[in-house]
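Counting the sequence shown from 1 gives a position; the working numbering is that position plus 8.
Heads up, the beta-carbon is just placed ideally off N, CA and C, and yes, glycines get one too.
Just so you know, these numbers come straight off a predicted model, no measurement behind them.
Okay, structure first, notes after.
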Amino acid sequence: MALRVWFVIALILPALIALQIVSAIPQPSPHCSEGYRPGVVMDLDWGGEVVACVETFNPRRYLPSTVIPPLWKRLVDATVLNPFIYGLLALHLVIALIIYTPVTIFWVFIGFPLATMRAYYSAIAAWDEFGARRALIRRRLFPGKTTSTQEFQSESNNLGSAFFVPESAAAALREAALRQSGTVAALGFFGDGPLSWTTDKHVLILASSRSGKGVSLIIPNLLTYPGGVFVLDPKGENARATLRQRGAFGPVAVLDPWDVARLPPASQTARRGFNPLAALLDDPDRMPTAAALAGALVIGQDDHWNNAARLLLRGILLHVLTSPVYEGRRDLVTLRGLLMGTAPADLFAAMRANPAAGGLVQQCGEGFASTPDVELGSIVSAARVQTMFLDDPALQNALREQGNGIDFGQWRDDVPLSVFVCLPAPYMQTFSRWLRLVVTAALNSLTTRQHRLQRAVQFHLDELATLGRLEAVETAIGLAAGYGVQVWSVFQDLGQIRDLYRARAPSFWSNAGIRAVFNLQDVETAEYVSRLAGTTTVQVYSSQRSAIGLIGGGTSAPTARPLVLPDEVMMRYAKGTLLVLLDGISPIEARRVPYYENPNLRGLWDDPR
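Here you go:
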C-alpha cells in the first residue's frame, strides 16, 4: 500500500509544478483607462508587441503605448523569479531519489532475473510435457547413434517413465522390426513411412463396430502377407478385394454357401465346400478331434443336457466315420438324418454293433440304450435342437462329402492356402454353430501337434464374440511359437472377452505381441488401456504475484500423470489414428490409412463394390 502511495505522489508532483508555472505567466493584454480600449498594435523585432490605448469614440486619440514582452520571456520571468517553483522542484527531486532509485535497483538486480527464471522454468515445463526435449536429444542432436530396441523403452524417472515413441525414430523402429523373429504385421503409417512389426505372438484388436478395422488393418495385411490365412469375412468384402493378390501367393478357397461375396464369374472356381468329417478319416487323433467338433456344435451352458448332447453327437459322428454303411456320405448331413429320421433304439443298436474307434462307438450305443426313456428323450431333443441349422439346403450343399472341399491339412505342408469364410450378418446368430465348426476344424488342424512351418498361418477372426466361447480359440491363444498359428482376435471391448472366456480373458491381452486400440466406446476398456500405457512425469509450474501484480515468483516440481488419460484414449484415437502397444516398446501413435489410399498397395487390390 505504501508503495502505491509513493508512486501516486511521484506522478502528481510534476503535474503540480506544471500547473504552477502556467498560472504564474502574466496576462499579455494591457490595462487601459476608462473610455479607452487597446487599439494600435505594432510588432517589435525581438518578438514583443507595442499596444496603444485608443479612445473609444475618437480613434484618433490614444494614450502612450504599452510594451508586452513575448511568451518565452514571460515564462522565464514566471519560473526564475518564482521561489515557490524552486521548492516544488526540490521536493520532486528528493522524492524521485527516494522512490526511483530503489525501484531501479530492484528491477535490475532482482525483478529482471526473477522474470527470466520464471520464463525459463515455464519453457522447460512445456518442453518436458510434450516430449520435445527427448526427441531433439535422441534423434536430432545425436543422429549417428546406433539404435536398438532398447532406445524405445522407458527411461528412468522419479515418478513415471512412459513416453510415446517420437516420429523421428520411425526409421530406427523399422530397422528394429527387421531384426525380430516371427510374423510381420502391417499396422498403418508412422513418421514418414509404413509401420510394421514382427512377432511370434498373437494380435489383439480392440475397436468398436464399423470403425474401419477391415480397410485399415485386415485387408492391408491380406495384400502383403505371403503365408497362409484364414479370414472370417461376413460381408465378403475382404475376399473380393484381395482374391487376385492372394491367388498370387497360393491357392484360394472361399467358403460361401449363400454367395455373399458375389465373386465375378472368373473367380467362381474359388468357391469350395467344407466337410469337417473328411479330415478325420485318416486322422490318428480322430477321437479328441471328434469331441472338439461335437463341442462346437453345441452352444450353451455346461449343464447335464448339453453335456449329454455332446456325448451323443460325438458317438454318432464316430459311427458315421467308421461304419461301412455310410461310405460316400460321411458328412454332417448324414448325422442330421440319423438324429431326425431314425428311431433312437435302432440307431443305438447299430452303434452297439460297431467296434471301431477303440470300442468308443459301441460304448456310446450301450450307454444311451440303457438310459431311461424320459431322460433319453430330453438328450435326443437337445441334440436335435442344437443341430437344427443343418437343415438349410445351401449349407447342406457346402457340407456334403465332395472332391473339391477345403483341406486345412495343406497348411501343414507349408502351402500358403487362403481361406475366406463368408456368412451374411442376418445369419450370424442362426448359423454361428457352423462358423464355430469351421473355425474349430481349421485351428485343430494346426494346434493338435507342433509343426515347423516356414510362415505362420494368420487367423483373422473378426467379430469373434458372435461365435460364443470357443475352446479351440482359447487353446490357440495360450500356445506360443512352434504351432504355426497367429490369431488376430477382434473384439469391441474387453467386456466381450471377459463375458465369454471368464478367467482366461486376460490371456488375450498378455499373449498378444501386438495390441491395436482405436475408436473405443467403452469407458472400462479405455481406463484399462490408460493404465497399461504407463505413467509419465511432467513438470508442473506454480507462480505467485504480489499485491500490485508486478513482482512475481514461481516453483517447478515433477508430477506423475498417465501417459494417456481414459478420455484421451476414446477421443484421440477416434478417427484416423490408432494406439499401438508392442511388447517391450513404448506406446506408438500411428496413422490408419485405408488400403485404397495407401500408395504402397496401389495395383494390388480390386474394387469390392
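Where does residue i fall in DSSP's three states?
i, result
"F171", "coil"
"F282", "coil"
"R322", "helix"
"P273", "helix"
"E163", "Per-residue confidence for E163 stands at a pLDDT of 45, beneath the threshold of 50, marking its modelled position as unreliable; no derived number is given."
"L508", "helix"
"G592", "coil"
"V423", "coil"
"A140", "Legend: pLDDT at A140 = 44, less than 50; position of this residue unreliable, value from coordinates given subsequently. DSSP places A140 in helix when its eight states are reduced to three."
"E597", "strand"
"T154", "With a pLDDT of only 37 at T154, under 50, the local geometry of the prediction cannot be trusted, and no value is derived from it."
"L443", "helix"
"L469", "strand"
"F416", "helix"
"V306", "coil"
"Q547", "strand"
"A433", "helix"
"Y604", "helix"
"I145", "For I145, the predicted structure reports a pLDDT of 36, less than 50, and the residue's modelled location is therefore unreliable. A value from the coordinates is still provided. If DSSP states are grouped into helix, strand and coil, I145 belongs with the helices."
"R337", "coil"
"T342", "helix"
"R252", "helix"
"R569", "strand"
"T456", "coil"
Are residue i and residue j close, meaning C-beta to C-beta below 9 Å?
i, j, result
"G413", "R280", "yes"
"T448", "L167", "no"
"L195", "L612", "no"
"D241", "Q494", "no"
"I387", "T395", "no"
"G521", "L469", "no"
"N606", "H210", "no"
"E374", "N283", "no"
"P363", "G236", "no"
"M359", "R392", "no"
"A541", "A170", "yes"
"A627", "P265", "Limits of the chain in this structure are 9 at one end and 617 at the other, which puts residue 627 out of reach."
"S224", "V531", "no"
"I227", "A249", "yes"
"L407", "L346", "no"
"A433", "K243", "yes"
"F526", "Y581", "yes"
"F198", "L181", "yes"
"G503", "T533", "yes"
"A390", "A299", "no"
Return the Cβ separation of residue i and residue j in integer angstroms, given the expectation that the two are a contact with Cβ distance under 8 Å.
i, j, result
"F257", "S426", "7 Å"
"D422", "L461", "6 Å"
"C7", "V268", "Residue 7 cannot be examined here, being either before or after the span of the chain that is shown, 9 to 617."
"S538", "P514", "So it is not a contact: roughly 17 Å between Cβ atoms."
"Y233", "Q466", "6 Å"
"V328", "T342", "5 Å"
"L472", "R444", "That belief does not hold up - the Cβ atoms of L472 and R444 are roughly 11 Å apart, past 8 Å."
"L263", "F428", "7 Å"
"T438", "Y491", "So it is not a contact: roughly 32 Å between Cβ atoms."
"D399", "R441", "D399 to R441, Cβ: 12 Å. No contact."
Pick out whichever of the options has its Cα sitting closest to the Cα of residue i.
i, options, result
"E535", "W517, L508, E576 and A568", "E576"
"I324", "D310, S538, S594 and L305", "L305"
"T297", "G308, H312, A361 and A365", "A365"
"V498", "A480, I106, T474 and G190", "T474"
"D614", "G492, P292, E245 and Q276", "E245"
"Q253", "F376, L230 and A524", "L230"
"G385", "L368, L320 and D339", "L320"
"F516", "A484, G492 and V572", "A484"
"W205", "I505, E183 and S217", "E183"
"V173", "P616, I593 and R599", "I593"
"G255", "V239, S275 and R270", "S275"
"Q529", "T567, M579, L508 and R506", "M579"
"G303", "A357, G190, E597 and G476", "G476"
"P292", "A179, L508, T330 and F117", "T330"
"S217", "V111, D501 and I103", "D501"
"E383", "W313, D354 and M436", "W313"
"V446", "V192, V239 and Q370", "V239"
(message) Ignoring anything shorter than 4 residues, give me the alpha helix (DSSP H) runs that lie fully in the region 471-539, in order along the chain.
(response) 479-485, 502-509 and 513-518
(message) Threshold first: 4 residues or longer. Then list the alpha helix (DSSP H) segments lying entirely within the region 345-414, N to C.
(response) 352-360, 368-377, 381-394 and 401-407
(request) Please specify which runs of the alpha helix (DSSP H), each continuous and at least 4 residues long, are wholly inside the region 173-216, giving them in chain order. (result) 178-186
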